[in-house]
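Residue numbers (our numbering): 6 to 316. All residues carry an ideal CB built from backbone N, CA and C; glycine is no exception.
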Amino acid sequence: MAMAGLDSRLEDGVHLSEATPGDYFALLKPRVMALVVFTAVVGLLAAPVALNPLIALIAILSIAVGAGASGALNMWYDADIDAVMSRTASRPVPSGRVLGGEALAFGLVLSALSVMTLGVLVNWLAGSLLAFTIFFYAVVYTMWLKRSTPQNIVIGGAAGAFPPMIGWAAATGSVGLESVILFLIIFLWTPPHFWALALFKSGEYGRAGIPMMPNVAGEASTRRQIFAYSLVVAAVGVAPWVFGFSSAAYGVCASALGVGFVWYAWGVLNQRDEDRVMKPAKALFGYSIVYLFAIFAAYLIDAVVARALVA
6 MAMAGLDSRL
16 EDGVHLSEAT
26 PGDYFALLKP
36 RVMALVVFTA
46 VVGLLAAPVA
56 LNPLIALIAI
66 LSIAVGAGAS
76 GALNMWYDAD
86 IDAVMSRTAS
96 RPVPSGRVLG
106 GEALAFGLVL
116 SALSVMTLGV
126 LVNWLAGSLL
136 AFTIFFYAVV
146 YTMWLKRSTP
156 QNIVIGGAAG
166 AFPPMIGWAA
176 ATGSVGLESV
186 ILFLIIFLWT
196 PPHFWALALF
206 KSGEYGRAGI
216 PMMPNVAGEA
226 STRRQIFAYS
236 LVVAAVGVAP
246 WVFGFSSAAY
256 GVCASALGVG
266 FVWYAWGVLN
276 QRDEDRVMKP
286 AKALFGYSIV
296 YLFAIFAAYL
306 IDAVVARALV
316 A
């Protein structure tokens with residue numbers, strides 16, 4: 006009887022996906038999730054409070070699930086443009102392994118689960134910030150900004166900058182200047198990071214109809230803006246030391262990392278040969294990932310060492 010019912014549904018045009026658990030895991034954007042979790046952990050552990058390990062684990066898992074929910078909702082809505090870009094065409098939805106409705110339901114369920122868990126079991130400030138982050142990424146960035154303005158990454162970058170603030174709020178129940186600085190580091194890092202990618206993927210963004218900066222303002226303007234942002238990123242990176250939140254050791258490390266960022270951006274700015282501009286852009290894109298992980302790792306190590314010395 007069950008097989009007969011299934012056959013009837015298929016004959017009526019109801020299609021069932023053949024998704025595997027791995028396909029649903031891919032919907033979570035695990036590489037992006039790893040960065041989100043890491044920066045959230047830094048915000049949580051760097052906060053000047055002792056947090057129950059179980060509560061800390063619940064907070065991190067909730068933030069990770071919330072980040073995954075954002076990724077699933079993004080893949081659901083962007084399936085049409087993902088299908089025409091080589092780096093995204095193999096994603097579960099455009100490839101047909103997961104149906105759009107399934108991705109939407111998956112994302113909505115995970116969103117509700119993550120926010121309610123964080124709010125009820127940790128605190129509602131952290132839960133509210135997580136809810137706003139999911140909304141901002143899925144609705145404000147994905148559904149509105151991404152397809153309407155070359156400033157999509159500038160404004161939309163806030164979504165990726167909230168995790169350390171959420172981690173801080175989970176630990177302290179508040180949002181302090183220290184967490185705001187961590188937010189700003191990621192927020193200001195996002196445009197040069199993604200514009201470097203857009204320089205060597207401009208053709209694909211153009212075919213997809215996404216108004217990335219190189220496609221709208223041109224490569225020369227994009228290179229200048231990348232360099233300008235790199236100077237700001239380098240300056241904000243040392244702000245925790247300037248404001249007395251970290252030691253001189255962190256300040257030296259952040260300064261060195263910032264000089265590296267400016268150096269790679271300088272290479273992009275001064276590359277005039279269009280056939281070779283991709284090489285410095287790719288180098289900056291790769292270094293920017295290293296930069297963010299390294300500066301947050303340095304900040305966390307500095308905070309843990311400082312706390313150990315006081316104890």
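Reference residue i; option with closest CA among the options
{"i": "residue 245", "options": "188, 292, 91, 105", "result": "188"}
{"i": "residue 214", "options": "106, 97, 153, 49", "result": "153"}
{"i": "residue 217", "options": "55, 241, 161", "result": "161"}
{"i": "residue 147", "options": "224, 82, 266, 274", "result": "82"}
{"i": "residue 99", "options": "236, 88, 41, 109", "result": "88"}
{"i": "residue 135", "options": "101, 67, 178", "result": "67"}
{"i": "residue 240", "options": "306, 191, 164", "result": "191"}
{"i": "residue 292", "options": "310, 261, 49", "result": "261"}
{"i": "residue 186", "options": "24, 23, 44", "result": "44"}
{"i": "residue 183", "options": "201, 305, 36", "result": "305"}
{"i": "residue 296", "options": "130, 238, 307", "result": "238"}
{"i": "residue 264", "options": "234, 251, 283", "result": "234"}
{"i": "residue 46", "options": "236, 150, 303", "result": "303"}
{"i": "residue 308", "options": "219, 251, 221, 130", "result": "251"}
{"i": "residue 156", "options": "221, 57, 26", "result": "221"}
{"i": "residue 267", "options": "236, 290, 283", "result": "236"}
{"i": "residue 131", "options": "65, 206, 224", "result": "65"}
{"i": "residue 117", "options": "105, 106, 107, 133", "result": "133"}
{"i": "residue 209", "options": "314, 86, 140, 151", "result": "86"}
{"i": "residue 107", "options": "142, 140, 23", "result": "23"}
Residues near residue i by beta carbon distance below 8 Å, same chain, minus five either side
{"i": "residue 159", "result": "195, 196"}
{"i": "residue 229", "result": "274"}
{"i": "residue 227", "result": "200, 203, 204, 218, 219"}
{"i": "residue 212", "result": "89, 90"}
{"i": "residue 25", "result": "102"}
{"i": "residue 151", "result": "83, 157, 161, 215"}
C-beta atoms of residue i and residue j nearer than 9 Å
{"i": "residue 300", "j": "residue 259", "result": "yes"}
{"i": "residue 270", "j": "residue 294", "result": "no"}
{"i": "residue 173", "j": "residue 51", "result": "yes"}
{"i": "residue 193", "j": "residue 273", "result": "no"}
{"i": "residue 171", "j": "residue 115", "result": "no"}
{"i": "residue 103", "j": "residue 69", "result": "no"}
{"i": "residue 180", "j": "residue 164", "result": "no"}
{"i": "residue 169", "j": "residue 48", "result": "yes"}
{"i": "residue 298", "j": "residue 113", "result": "no"}
{"i": "residue 72", "j": "residue 120", "result": "no"}
{"i": "residue 201", "j": "residue 290", "result": "yes"}
Assigned secondary structure, residue i (DSSP; H/G/I helix, E/B strand, else coil)
{"i": "residue 2", "result": "Absent from the structure is residue 2, since the part of the chain shown begins at 6 and ends at 316."}
{"i": "residue 107", "result": "helix"}
{"i": "residue 285", "result": "helix"}
{"i": "residue 102", "result": "coil"}
{"i": "residue 53", "result": "coil"}
{"i": "residue 139", "result": "helix"}
{"i": "residue 62", "result": "helix"}
{"i": "residue 183", "result": "helix"}
{"i": "residue 250", "result": "coil"}
{"i": "residue 91", "result": "coil"}
{"i": "residue 276", "result": "coil"}
{"i": "residue 128", "result": "coil"}
{"i": "residue 6", "result": "Here the model assigns residue 6 a pLDDT of 38, short of 50, so the residue's position is not dependable and the matter cannot be decided."}
{"i": "residue 295", "result": "helix"}
{"i": "residue 43", "result": "helix"}
{"i": "residue 147", "result": "helix"}
{"i": "residue 209", "result": "helix"}
{"i": "residue 214", "result": "coil"}
{"i": "residue 197", "result": "helix"}
{"i": "residue 83", "result": "coil"}
{"i": "residue 167", "result": "coil"}
{"i": "residue 243", "result": "coil"}
Contacting residues, own chain, Cβ-Cβ under 6 Å from residue i (five flanking each side not counted)
{"i": "residue 288", "result": "269"}
{"i": "residue 109", "result": "81"}
{"i": "residue 256", "result": "243, 246"}
{"i": "residue 126", "result": "63"}
{"i": "residue 54", "result": "176, 177"}
{"i": "residue 285", "result": "272, 273, 276"}
{"i": "residue 138", "result": "164, 167"}
{"i": "residue 97", "result": "28, 31, 32, 103"}
{"i": "residue 128", "result": "178"}
{"i": "residue 207", "result": "219, 220"}
{"i": "residue 142", "result": "75, 164"}
Close-in-space but distant-in-sequence residues of the same chain around residue i (CB under 7 Å, 5 per side omitted)
{"i": "residue 199", "result": "158"}
{"i": "residue 105", "result": "81, 84, 98"}
{"i": "residue 311", "result": "252"}
Residue i: CB within 8 Å of a non-hydrogen atom of the ligand MG
{"i": "residue 178", "result": "What this structure holds is no ligand at all, so the ligand MG is not there to describe."}
Exercise for the section: Pair every Cβ in the segment 88-101 with every Cβ in the segment 57-70, then say whether three or more of these pairs are closer than 8 Å. Expected result: no
Problem - Cβ pair count under 8 Å reaching 3, the segment 28-47 against the segment 75-85 - result: yes
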